[in-house]
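Okay, structure first, notes after.
There are 2 protein chains.
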Amino acid sequence: MKVAIIGIGLTKFDEHWDKNLRELAIEAGTKAIEDAGIRGRDLNAMYIGNMSAGRFIGQEHVAALVSGELGLSIPAVRVEGACASGGLALREGVFSILSGQNDIVLVGGAEKMTDIMPDYVTTTLMGAADQEWEAYYGLTFPSLYAMIARRHMFEFGTTREQMAKVAVKNHHNGCMNPIAQFQNEITIKDVINSTMVADPLTLLDCSPITDGAAAVILCKAELAKKYTDTPVYIIGTGQASDTLALHDRRSLTTLDATVKAAQMAYKQAGITVKDVSLAEVHDCFTIAEIVATEDLGFCKKGDGGKLLDEGVTEIGGKIPVNTSGGLKAVGHPVGATGIKQAAEIVMQLKGEAGKRQVKDAKIGLTHNVGGSGATAVVHIFSR
Amino acid sequence: MKVAIIGIGLTKFDEHWDKNLRELAIEAGTKAIEDAGIRGRDLNAMYIGNMSAGRFIGQEHVAALVSGELGLSIPAVRVEGACASGGLALREGVFSILSGQNDIVLVGGAEKMTDIMPDYVTTTLMGAADQEWEAYYGLTFPSLYAMIARRHMFEFGTTREQMAKVAVKNHHNGCMNPIAQFQNEITIKDVINSTMVADPLTLLDCSPITDGAAAVILCKAELAKKYTDTPVYIIGTGQASDTLALHDRRSLTTLDATVKAAQMAYKQAGITVKDVSLAEVHDCFTIAEIVATEDLGFCKKGDGGKLLDEGVTEIGGKIPVNTSGGLKAVGHPVGATGIKQAAEIVMQLKGEAGKRQVKDAKIGLTHNVGGSGATAVVHIFSR
C-alpha cells in the first residue's frame, strides 16, 4: 500500500477573530494546491475532517461549502470522528485513491472554535464523549483525562513533573514552528503553578481552543513523480474504535484503540516501531502523550514518563515526539489536527522543518485520537 | 466496479419517543447483520451517515458510539453531507471495499430528530444550507424549495396539481410499506388545502420530521455467494457538488450536482437511463421529485410534471419512482434516508417488496441530495 502526498498547506493556528471557517479552509486548501503545483481542476475529490461546525458556527455540510467556495463541483465529503476527524478524512482519502476511483484528492481539516463562548466550547467538545452516560453527569474532557492521569500515577508512579515535561517540551518545539498558537518557552514550575483545571491537570497541561485549517494533496503513487521530485508516501493506515464511555473500558491507562490502530498500521507498512524516526501524537492533555507513547510501543506500558526524563522524545532524542509543538503548543482546532500532524511529518521527511528538523528522518508516524479514545487512527509515512 | 449487498436492516420510520439514537442504530444494524447471516465479528469496518446528531441530541462521534454499543472495535467513521449523508456513507463503504482494505462492511444511517423542539429542527436543518448567506437572512428549507417550485412553474408551466400528485403517489406507495411513517392515502385536494408552509408548498408537499435508522451489509463481490444466493450489486456510484447557496447557481430549476452524479454513475455502470427499472429519488419536497426525474434523465427538462400526469412514475408505470413511499411518506430521518433508499432497491431487485413490488425489476437507482442540491449522490444497483 502506497499513496503519495505531493503538497501541503497550513493556516496559522490561532484565535482568528477576522476569519471564518470557509476562509481558513480555502487558505489551507489553496496553499496545498499551489504547493503541489496543480490546479483546482486536477482534483478528483475532496475530504474534509471537521468535528462540530454544526454547533460551533451552525454550519453542517462543510465539505460542499469548501468545494463550492473553491469553484469546484467534485465529490466533497465531510468525515467526522470527534478530534480524530482529520486523521479519518486522510484515511478515507487514501481509500478513495486505492479504490482506483480517484487519482488526486485534497484532504483537509478545519475548525472554527472561537465564535462561541468558551464554556459552550467545553460543552460542544463533550459531544465527542458519551452524552447520556458521561456529559449529563457533569464530566468534561479535562476531568476525563484527569482520571486517566490519576490512575496512571497510581499504577505506574508517573509524576506530576513528568506530565509537565510534555508541555515544556512541546512549547519548546512550538517556538520553532511559525504556525504555532503558542511560541513561548515554559518551565515545569509554570505548568504546575498554572490555574487548576481538573486535578492533577492545570491550564498548561491542556491543549487550547484554536481556529485553523490544514490540507494535503494525495496522489496515486504511480503519478507522484509527475508533480514532485520529493513525494512522501503513506505506507500504512490503521484505525480502531472503543466504547465512547471511559467507564466501559478494560483499562483507564491504555487506549486499546491506539494499540490496535498502531498494530494495523505497522503491519501494513511492513515495519516495526523501531523503524519510526519521529511521531506526531495526540497530546490533547499532557497525560495523553505519555499514554500514547506507551500504546504506540515507544516504551513499555507505564514507562511513558521516563521517556521524558531521559529526553528520548525531544528533538535530538531517539524518537522525537511532537516536533511541531503538538496540540499543546500549535493549538488544537479539532478537525484540523490530524491533517496538521501529517503536514508536519511531510515537512520533516522532506528535510523542510527548519529549526525543528529531525536529522535523517526516514519514517514518520501520526496518531490522532477522538474523544477519550473511542477512535484512534495511525498513519505511517516514508520518503 | 461491483460491490455486493448481502443484507439490509430497517427500523420503523416514525416519531420514536421511547428510543434514542443508539437504540435505533443498533436495531437497524443488528437486523442487517442477521439478514446477511454473518456475525458482528465478521465486519471489517462501519460507516454511519448522520447529519446533525451534534445539534439534535448533543452527540458527535456517533460511528464509534454505535460500534462500541455493538461490542466491536472496528474502524467506525461518520460521514456527513447534510441530507445526503446516507448516500455518501454508502459510497465510502464501497470505496473501502474496492480499495482492498475491507471485505465486509456495515453501512448505516441514523437520525433522531424529535428530541428537540420542531422550530429548532428547522434551524438545525438550515445547517445544510449556507449559514452566512442564506440562514441569517431568514431562509428555511421549505422557502428555498418554494423558490425552486415557483421558478419551475414559471419556466415550464409546471402546475400546483402536478406537485400535489407527487405526494399523492408517494403516500399511496407508503400505504404498502410497513416501515412508513405515513400509511394513509391522500388526494390532490388534501395536499392543496393543507396548511401553507412556503407558497406554493403546503404541509403535504413537505417531508416530515422523523426518527429512524437503516443499514446495509456490503461485501466484496467475489465473496458474496458465500453468504447469499441472491446478492444485489452496486455497479455504479457518482457524486458531485455545487455551491451551498442557491443564489450562486447557474439555474434554480436544474440541480447540476444531480446531473453530474448521474452521468458518473451511469457511465461507471455501463448503462443508460433507459435501462433503469425503478428509482428512489430525493423528494424532500414534491417539487424536488419533479426536478430529480428531469435531472436524472427520465424525461427532458421541464417535463417532470407530465410524468405524473401520465402515470409513468407509478408502480406499474414505465419507471416507478419512490416505490417505498419516498421521503414524503416513509419519513426523512435525514442521515438514514440514503440507506433506506438502497434497502428499498435491494428488496425490489430481490422480488421481496410485497404489495409494492415492481415486476421484473433489474436495475435500480438511488438519488440522495444534500441541502438544496450542494451535494448529490447516485448509485446504480443490479441483480
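Chain order of the listed sequences is V and Y.
Position in the first sequence (from 1) plus 13 gives the number in the numbering used here.
Position in the second sequence (from 1) plus 13 gives the number in the numbering used here.
Just so you know, even glycine gets a beta-carbon here, dropped at the ideal spot from N, CA and C.
Its Cα nearest to that of residue 363 of chain V, the residue V:243 stands out among V:243, V:325 and V:193. For the set Y:59, Y:79 and Y:32, the Cα lying nearest the Cα of residue 125 of chain Y is the one of Y:32.
Judged by DSSP secondary structure, residue 293 of chain Y falls within the beta strand (DSSP E) whose first and last residues are 291 to 293. Within chain Y, the residues 77, 81 and 86 have their CB atoms less than 8 Å from the CB of residue 255 of chain V, given in chain order. Within the stretch 55 to 70 of chain Y, the residues whose Cβ lies closer than 7 Å to some Cβ of chain V are 64, 65, 67, 68 and 70, listed in chain order. With a cutoff of 8 Å on beta-carbon distance, residue 227 of chain V and residue 352 of chain V are scored as near each other. Residue environment: residue 52 of chain Y is assigned as exposed (fewer than 16 neighbouring CB atoms within 10 Å of its CB, all protein chains considered). Following the DSSP letters along the chain, one finds residue 391 of chain Y inside the beta strand (DSSP E) bounded by residues 388 to 395.
Per the C-alpha coordinates, the member of Y:61, Y:179 and Y:97 positioned closest to residue 391 of chain Y is Y:97. Residue 264 of chain V sits exposed, since fewer than 16 C-beta atoms from the chains shown fall within 10 Å of its C-beta.
One Cα belongs to residue 146 of chain V, the other to residue 248 of chain V, and the distance between them is close to 38 Å. Its Cα nearest to that of residue 300 of chain V, the residue V:161 stands out among V:152, V:161, V:18 and V:84. Taken through DSSP and simplified to helix, strand or coil, residue 252 of chain V comes out as strand. Three or more Cβ pairs closer than 8 Å define a contact, and the stretch 24 to 39 of chain Y meets that threshold against the stretch 58 to 75 of chain Y. Legend: CB atoms of the stretch 301 to 334 of chain Y lying less than 7 Å from CB atoms of chain V are not found in any residue. When DSSP states are grouped into helix, strand and coil, residue 183 of chain Y belongs to the helix group.
With its beta carbon at least 8 Å from every one in chain V, residue 235 of chain Y lies outside the interface.
Taking a cut-off of 8 Å for Cβ pairs, the stretch 198 to 215 of chain V and the stretch 19 to 28 of chain V do not touch, as fewer than three such pairs fall below it.
Runs of the beta strand (DSSP E) lying entirely within the stretch 18 to 104 of chain Y and spanning at least 3 residues, in chain order: 58 to 62 and 89 to 93.
Taking C-beta atoms as the reference points, residue 120 of chain V and residue 158 of chain V fail to come closer than 8 Å. Identification of residues in the stretch 88 to 121 of chain V having a C-beta nearer than 7 Å to some C-beta of chain Y yields 88, 89, 90, 91, 92, 93, 94, 95, 101, 105, 108, 109, 111, 112, 113 and 114, given in sequence order.
Between residue 144 of chain V and residue 71 of chain Y, the C-beta spacing is below 8 Å. The three-state reading of DSSP puts residue 374 of chain V in coil, since its state is none of H, G, I, E or B. DSSP, reduced to helix, strand and coil, places residue 121 of chain V within a strand of the structure shown. C-alpha of residue 275 of chain Y to C-alpha of residue 309 of chain Y: approximately 6 Å in a straight line.
Residue 38 of chain V has a beta carbon lying at 8 Å or more from every beta carbon in chain Y. The beta-bridge partner set that DSSP reports for residue 247 of chain Y consists of Y:16 and Y:394. Rounded to the nearest whole angstrom, the C-alpha separation of residue 205 of chain V and residue 45 of chain V is 39 Å. Counting only Cβ-Cβ distances below 7 Å, residue 266 of chain V has no contacts in chain Y at all, with the closest Cβ about 17 Å away. Looking at Y:197, Y:164, Y:259 and Y:312, the one whose alpha-carbon comes closest to that of residue 384 of chain Y is Y:259. With contacts defined as CB atoms closer than 8 Å, residue 279 of chain V and residue 285 of chain V qualify as a contacting pair. Closest by C-alpha distance to residue 382 of chain V, out of V:269, V:176, V:181 and V:149, is V:269. The stretch 328 to 342 of chain V and the stretch 184 to 193 of chain V touch, with no fewer than 3 CB-CB distances between them shorter than 8 Å. Among the residues of chain Y, those whose CB is under 7 Å from the CB of residue 72 of chain V are 140 and 144, following chain order. Contact annotation: the stretch 352 to 361 of chain V does not touch the stretch 306 to 321 of chain V, with fewer than three C-beta pairs closer than 8 Å. Annotation: the continuous beta strand (DSSP E) that includes residue 230 of chain V extends over 225 to 233.
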